[in-house]
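Asker: Just so you know, the sequences run in chain order A and B. The opening residue of the first sequence carries number 1 in my numbering; numbering runs sequentially from there. The opening residue of the second sequence carries number 485 in my numbering; numbering runs sequentially from there. Ideal Cβ placement from N, Cα and C applies to all residues, glycine included.
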Amino acid sequence: MSFETPDLSAALPELWLLVATCGVLVVDLFSSDPRRTATLYLTQGALLVTAVLALATQWGPAEVAFSGHYVVDSLGAVLKAVVVLLSALALGYSRPYLGERGLLQGEYYLLTLFASLGMLVIASGASLLTLYLGLELLSLSLYALVGYHRDSARGPEAAMKYFVLGALASGILLYGMSMVYGASASLELGVIADVAANHEDPLLLLFGATFMLVGVAFKLGAAPFHAWVPDVYQGAPTPVTLLISTAPKVAVVALFLRLFVDGLGPLHAELQAMLLLVAVASLLVGNLVAIVQTNFKRMLAYSAISHAGFIFVGFAAGTEAGHAAALFYTITYSIMAAGAFGLVTVLSRAGLEAEEIADLRGLNERHPVYAGVLLLVLLSMTGIPGTVGFYAKYLVVQAAVQAGLIPMAVFAVIAAVVGAFYYLRVLKVAYFDRPEVGQDPEALPTPGASAPIRSLLVINGVAVLVLGVFPERLIALCRAAIGL
Amino acid sequence: MFEGWLLSLLIWLPILGGAWVLAIGQRSLGAVRGAAVVVASVAFLLAVALWLAFEPAGGMQLMEQRDWVPSLGIQYYLGVDGISMPLVVLTAFATLLVVIAGCSDAIHYRVAQYMGAFLIMEGLMIGVFVALDAILFYVFWEAMLVPMFLLIGIWGGANRIYATIKFFLYTFLGSVLMLIAFLYMRLEAGSFSVLDFHDLSLGLDVQVPIFLALLAAFAVKVPMWPVHTWLPDAHTEAPTGGSVILAAVTLKMGAYGFLRYALPIVPEASAQLAWLVIAVSLIAIVYIGLVAIAQTDMKRLIAYSSIAHMGFATLGFFVVFQAGLGAAAGEGALTAMTGGYVQLISHGFISAALFLCVGVLYDRMHTRDIAAYGGVVNRMPAFGALFVLFALANAGLPGTSGFVGELLVILGSYQASFWYAALAGLTLIVGAAYSLWLVKRVVFGPVANEEVDGLRDLDRRELALLGVLAVLVIGLGIYPQALVTVAEPALVELLDDVSAALTAAR
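1. Would you say Gly611 of chain B lies against chain A (beta-carbon separation less than 8 angstroms)?
2. Give a yes or no on whether the minimum CB-CB distance between Gly386 of chain A and chain B is below 8 angstroms.
3. Which of the three DSSP states, helix, strand or coil, is assigned to Asp433 of chain A?
4. Mind checking Leu529 of chain B: buried by the 16 CB within 10 Å criterion, or exposed?
5. Report the neighbours of Phe656 of chain B on chain A: residues whose CB is nearer than 7 angstroms to its CB, in chain order.
6. For Thr655 of chain B, which residues of its own chain have a beta-carbon under 7 angstroms away from its beta-carbon, when the five flanking residues on both sides are left out?
7. Looking at the C-beta of Leu653 of chain B, does it have a partner C-beta in chain A at a distance below 8 angstroms?
8. Report yes or no: do three or more beta-carbon pairs, one from the stretch 964-981 of chain B and one from the stretch 534-542 of chain B, lie closer than 8 angstroms?
9. For Val413 of chain A, which option in A:Ala400, A:Gly404, A:Leu424, A:Arg425 has the closest C-alpha, if you only look at C-alpha atoms?
10. Nearest-angstrom Cα distance between Gly309 of chain A and Val373 of chain A?
11. Which same chain residues, not among the five before or five after Gly495 of chain A, have their C-beta less than 7 angstroms away from its C-beta?
12. From the DSSP output, which residues share a beta bridge with Gln965 of chain B?
13. For Ala776 of chain B and Gly362 of chain A, I'd like the C-alpha separation in whole angstroms.
14. Cα separation between Leu129 of chain A and His69 of chain A?
15. Taking beta-carbon pairs under 7 angstroms, can you tell me which members of the stretch 525-556 of chain B lie near chain A?
16. Use the C-beta contact count for Gly806 of chain B: other C-beta atoms within 10 angstroms, 16 or more gives buried, fewer gives exposed.
17. Run the CB neighbour count on Leu276 of chain A, radius 10 Å, all protein chains shown included, and call it buried at 16 or more, exposed below.
18. Assuming Cys587 of chain B contacts Arg644 of chain B (C-beta within less than 8 angstroms), just tell me the rounded distance between them.
19. Which partner residues of Arg550 of chain B appear in the DSSP bridge assignment?
20. Within 8 angstroms of any Cβ in chain A, is that where the Cβ of Ile495 of chain B sits?
21. What residue range is occupied by the uninterrupted beta strand (DSSP E) comprising Glu63 of chain A?
22. From the DSSP output, in three-state form, read off Glu815 of chain B for me.
23. Pull up the DSSP beta-bridge partners for Asn295 of chain A, would you.
24. Look at Ala673 of chain B and Leu684 of chain B and say whether their C-beta atoms are less than 8 angstroms apart.
25. Could you pull the DSSP bridge partners for Ser677 of chain B from this structure?
26. Do we get a CB-CB distance below 8 angstroms when we pair Val250 of chain A with the residues of chain B?
27. Drop a sphere of 10 angstroms on the beta-carbon of Ala778 of chain B, count the other beta-carbons inside from all chains shown, and report buried for 16 or more, exposed for fewer.
28. Below 8 angstroms between beta carbons is the criterion; list the residues of the stretch 465-478 of chain A that meet it against any residue of chain B, in chain order.
29. Cβ atoms of Gly725 of chain B and Phe602 of chain B: under 8 angstroms apart, would you say?
30. Check this for me: beta carbons of Gly155 of chain A and Met212 of chain A, under 8 angstroms apart or not?
31. Please state the DSSP three-state secondary structure of Thr112 of chain A.
32. Taking a Cβ distance cut-off of 7 angstroms, strictly less, list which residues of the stretch 584-601 of chain B are near chain A, in chain order.
33. Give me the chain B residues within the contact set of Gln398 of chain A, using Cβ-Cβ distance strictly less than 7 angstroms, ordered along the chain.
34. Report yes or no: do three or more beta-carbon pairs, one from the stretch 377-397 of chain A and one from the stretch 323-334 of chain A, lie closer than 8 angstroms?
35. Does DSSP classify Gln44 of chain A as helix, strand or coil?
36. Per DSSP, which residues does Ser127 of chain A bridge with? Please list them.
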């Protein structure tokens, strides 16, 4: 009987991030710096190195490792690079916010690192078990982060809701996975795909797929499983909202691509109606309810639901172009969301969260550059050409048209027009309303953060424009990752 | 010398110049105004160079073709023909006008943003007219909404927020359906090139939905009855410069869309549904003309008269299907088409002039209410003379540009049906009614009140702006051949293509 040591180098990015996380933990333990400078820079360094490692060692044709539980492929490489870069971006915005509220502790960075590790595991998951482990590592870290501001009124409530509903969704996902396992007698997605393709009566598989879809839709915040989104977005500290609305979305898209393309891809025709239903429901609920919001973070939460609907339109198309479109949509949406929540972070200070839409009154008069960032980000979310949001919607709609889903495409673009209304309403407040005469300027939100973070915000806004004019690189990357 | 770059320069010089004006926004007012005027003048000179370099018989020319988003097959593909070239020049001219007009003290809030928005919009609108790639066209078409949205919302009148959001959502809703039509045609044609779209031969069952999607986009922009309701609000609440650009250029984008996309790509559906467009055009001419008479706000009156005049353009474009297409049937179709086209350019001058006139009055009295005026000519003789000239041109007085377009369209319509011509001819009465009654109430009569008594006449800047427009309006009225020579070859080619496609389909 031979005992083989698996080749650990296949999972180099994950191993590196785990080791680096432990290193950060130790350094933070012995650091007495109240600003946690060393922790911040080490964390950012660890994340950037992970991105480089992922692209350098994992880009290429698919290879399965660790007895079929782990896959090394281009899709995983791109997903990993994107999620760690987005996590680094979220951390980049967070330090002044946390510092002013007395929340600047090493745990914040460690929880983010563990969440990133979970996302990496999802990105390379080749079996139900790996995917579930990665998802739980991600979710548990996020539950803790949402409740990170213990003294705020909404934070712990949001964390509790998120935890209870999230645990339920994880349970449903696991239940679905158990059915799929029962039908295929394997955890490996490759085997499941074979079984799904050759099954005469896929009823049990379909049941399992349905439950798994519920879990994925919940994690992505798609209607009708969206109830947690507004409360969590509003209740969490703004930098955490920023994190939740960016990298984990990409990770959940990875989860979908692994489960429903690599695994249950052959059943797409049977599942398409469900995907369309989720897309339509998300577009309706997100866009209509966002119109009546007065809190900017809550409005963005409903807008995130509608964007999840667009991502599901790409999924429903079911073609490689559709999957590439969903991936591109998620990545670019993350950049826009980072800009929007980054702006709220930069404008807020202790005692003034600057999260009401009314707080943005007359922003153009007081700070035209930040109003410009807001303009770019919101136009991009609307899908106006010249910003990257246009190409996101374009790719999704094109995939739907190519797949013959023309009514779905028409519905999606009309939903985009409805969405335009509430984005314009925010721009109206920022550009057309003048600040009230005689108001104490001290009581108005002012960009308070340090110069590097303010420039980060401006770069984030300009990136939306530059990617909108020169989208080729990113589109080609997403298509290559999917294998087009 | 730089012919391979001329169109790109026309697009990007104003956009980058606008960004430059925004960047120096913190400096003095003089620097901002100077920079804006310089950028707009250079762009206008380039447009003049374009006019000189243009060869009327040369078909599509000055083309530039580069890959833009190769993985999606989207190209940076530009070119002009006789249909688009005059519109490009009109855009550069109108922008120069509003930039110079914006140097008055009426605009004092965030001048850099005001000027920057106009310059960026100029580049985007020129892009609409010269893009030969459907997605490039769509990008410019939609992006142009943003500066206009901000212009109306920031510098507009009392009801500006309602007006600007309505403007944005109306036009946005119209154009998203066009995007889906483009995506579908891409699947059929294999590229986004408009010229490839022209070669498509689609079945009628496909043509009709595509035509309706295009109609949704273009009809909102023109605007045609019954989707015109955004225009009176937007025109009325926009600052003077915004009204001028809306009337002189933005409305032309819709009409241009019909000529470049609807007629050549889906000729059968256009022929089949021509009755629909003709009907709503006639409604616009007669009914909206009557509505204009009833207005009490000067800008609203001119806005409604714009809708009526644009009805002439769309009538001219679609009556060709009933006026006997093809070489054998004679000149009726070409007359109507040329008339519609001349009407576009002429309306660009006349409406710009009328909105500038209202702007002159508004800057002095801060009201657009007709009832607040009376006897203006007693205090402003030069203004009175010019205003009367433009109002008469608006009514279609022979010798002005307004006459040429209307006459040709009515002549062409007569070949299709006596009743079209009769209904369209009503405009000579209705148009005269609202134009002359406006002049009577505002300009003539005794001095109405103390404020009118205190009016001062045009300053040199205003006189120069309106004077140039007066020369153009009369010039185009006396010698329309200058424009027709440029545009006619392209229009003939368009008609030949359409009739060939219709013959092939039979």
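Answerer: Looking at the atomic coordinates:
1. Put simply, the CB of Gly611 of chain B is far from chain A, with every gap to its CB atoms at 8 angstroms or more.
2. yes
3. coil
4. With fewer than 16 Cβ atoms within 10 Å of its Cβ, Leu529 of chain B is classed as exposed.
5. Val417, Ala420
6. Leu629, Val704, Lys705
7. Contact with chain A is found for Leu653 of chain B, since one of that chain's Cβ atoms lies less than 8 angstroms from the residue's Cβ.
8. yes
9. Out of A:Ala400, A:Gly404, A:Leu424, A:Arg425, A:Ala400 has the C-alpha closest to the C-alpha of Val413 of chain A.
10. Rounded to the nearest angstrom, the two C-alpha atoms are 25 angstroms apart.
11. No answer is possible for residue 495 of chain A: it lies beyond the span of chain A, which begins at 1 and ends at 484.
12. DSSP output for Gln965 of chain B lists no bridge partner at all.
13. 36 angstroms
14. 8 angstroms
15. Val553, Pro554, Ser555, Leu556
16. Position check: residue 806 of chain B holds Gln in this sequence, whereas Gly was assumed. Under this definition Gln806 of chain B is a buried residue.
17. Residue environment analysis places Leu276 of chain A among the buried positions, since at least 16 neighbouring C-beta atoms fall within 10 angstroms of its C-beta.
18. In fact, because the Cβ distance is near 22 angstroms, the residues do not count as touching under 8 angstroms.
19. B:Tyr560
20. no
21. First-last of the beta strand (DSSP E) with Glu63 of chain A: 63-65.
22. coil
23. A:Glu356
24. yes
25. B:Asp617
26. Proximity of Val250 of chain A to chain B, defined by a Cβ-Cβ separation below 8 angstroms, is not satisfied.
27. exposed
28. Answer in chain order: Pro471, Glu472, Ile475, Ala476.
29. Going by C-beta atoms, Phe602 of chain B is nearer than 8 angstroms to Gly725 of chain B.
30. no
31. helix
32. The stretch 584-601 of chain B vs chain A, Cβ under 7 angstroms: nothing.
33. Leu667
34. yes
35. Correct three-state label for Gln44 of chain A: helix.
36. A:Glu188
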